[in-house]
Amino acid sequence: MDTLKAIAGRSSVRAYTDEQVSAENLNTVLEAGCAAPVGMGQYDKMHITVVQDKGLLSRISATVQQMMQRPGDPLYGAPTLIMISSAEMPMPGLDYADGSCIAENMQLAAMELGLGSVIIWAAGIAANADPELKKDLGIPDGNKAVISIVLGTPAVQPPEKKLGVTIDVNYVR
Ligand SMILES: Cc1cc2nc3c(=O)[nH]c(=O)nc-3n(C[C@H](O)[C@H](O)[C@H](O)COP(=O)(O)O)c2cc1C
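Under the working numbering, the first residue of the sequence shown carries the number 3, and numbering increases by one thereafter.
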């Protein structure tokens, strides 16, 4: 039952305070990510990059902003960004599926810890398009960034959602 509560409680947070995520909470979030299912159990093909350096966060933010052509900080002022990258996988799409499972586990753990999070899709695109940025982020050679989240203390608490079957479903019985 607690799991369903956690799932209902997770919402994207798009405003953060300056307070950095504690090392202990960050570790718990990373542990939750590492407990996620990964296709064919190929955990050794996955890599997680934690970015807390303000200069690098600004660089990612500026690149994403340029790509999206939208005003405002696309990282929403969050003090931590976690980027998941993957080596080449034996089947197409496994890298993105694995990254998404890891990201969702981390988001649920963040919620449990009172932290906010949101997926930042274009951060990975920005890193993949800029070899210098990718190198500065320490993403292993040959890896592709697949998904990122930002993490921090919510400036505003998101509303709790009610669970419901809100995506179109067809039943074949
Ligand atoms: C693959 C994926 C990419 C996303 N990219 C972004 C993003 O770049 N920026 C953003 O603010 N939200 C992003 N989101 C968050 C979604 O907009 C959000 O999850 C959705 O609107 C549902 O809202 P909720 O997370 O509050 O339940 C992304 C979500 C997913 C699953």
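For glycine and all other residues, C-beta sits at the position ideal for the given N, C-alpha and C. Please read all numbers here as calculations on a predicted model, not as lab measurements.
By how many angstroms is the C-alpha of residue j removed from the C-alpha of residue i?
| i | j | result |
| --- | --- | --- |
| Asn29 | Arg12 | 19 Å |
| Gly126 | Thr51 | 11 Å |
| Ile141 | Ala89 | 10 Å |
| Gln68 | Val174 | 45 Å |
| Asn145 | Gly166 | 37 Å |
| Ser24 | Leu58 | 19 Å |
| Asp143 | Asp100 | 19 Å |
| Val120 | Pro160 | 11 Å |
| Gln109 | Ala124 | 17 Å |
| Ala10 | Ala37 | 20 Å |
| Asn27 | Val53 | 15 Å |
| Asp132 | Leu139 | 11 Å |
| Leu135 | Met42 | 30 Å |
| Tyr98 | Asn172 | 25 Å |
| Thr5 | Arg61 | 36 Å |
| Ala8 | Lys163 | 10 Å |
| Asp55 | Lys137 | 14 Å |
| Gly35 | Ala111 | 8 Å |
How should residue i be labelled, buried or exposed, when 16 other C-beta atoms within 10 angstroms of its C-beta is the threshold for buried?
| i | result |
| --- | --- |
| Ser63 | buried |
| Val40 | buried |
| Pro156 | buried |
| Ala129 | buried |
| Ser87 | buried |
| Val180 | Residue coverage of the chain in this structure runs from 3 to 175, which leaves residue 180 outside it and unanswerable. |
| Ile169 | exposed |
Rounded to whole angstroms, how far is the Cβ of residue i from the Cβ of residue j, which I believe are closer than 8 Å?
| i | j | result |
| --- | --- | --- |
| Ala147 | Met85 | 5 Å |
| Ile122 | Val66 | 7 Å |
### Task
Would you check if the region 104 to 120 and the region 149 to 162 touch, i.e. whether three or more CB-CB distances between them fall below 8 Å?
Three or more Cβ pairs drawn from the region 149 to 162 and the region 104 to 120 lie within less than 8 Å of each other, which places the two stretches in contact.
### Task
Decide yes or no for the touch test of the region 19 to 34 against the region 65 to 82: beta carbon pairs closer than 8 Å, at least 3 of them.
The answer is yes - the region 65 to 82 touches the region 19 to 34, with three or more Cβ pairs under 8 Å.
### Query
Are the region 38 to 46 and the region 110 to 125 in contact at 8 Å, needing three or more beta carbon pairs?
With a cut-off of 8 Å on Cβ pairs, the region 38 to 46 is not in contact with the region 110 to 125, counting fewer than three such pairs.
#### Entry: Length at least 4, wholly inside the region 104 to 138: the alpha helix (DSSP H) runs in chain order
Whole alpha helix (DSSP H) segments, 4+ residues: 123 to 131 and 133 to 138.
#### Entry: Entirely enclosed beta strand (DSSP E) segments - the region 53 to 113, minimum 3 residues
82 to 88, all fully within the region 53 to 113.
### Query
Any contact of the region 91 to 103 with the region 68 to 77, i.e. 3+ C-beta pairs under 8 Å?
Because the criterion of three Cβ pairs below 8 Å is not met, the region 91 to 103 and the region 68 to 77 do not touch.
### Query
Which parts of the region 137 to 173 are runs of the beta strand (DSSP E), unbroken and 3 residues or longer, counting only runs that do not cross its ends?
With a minimum length of 3 residues, the continuous beta strand (DSSP E) runs that stay inside the region 137 to 173 are 146 to 154.
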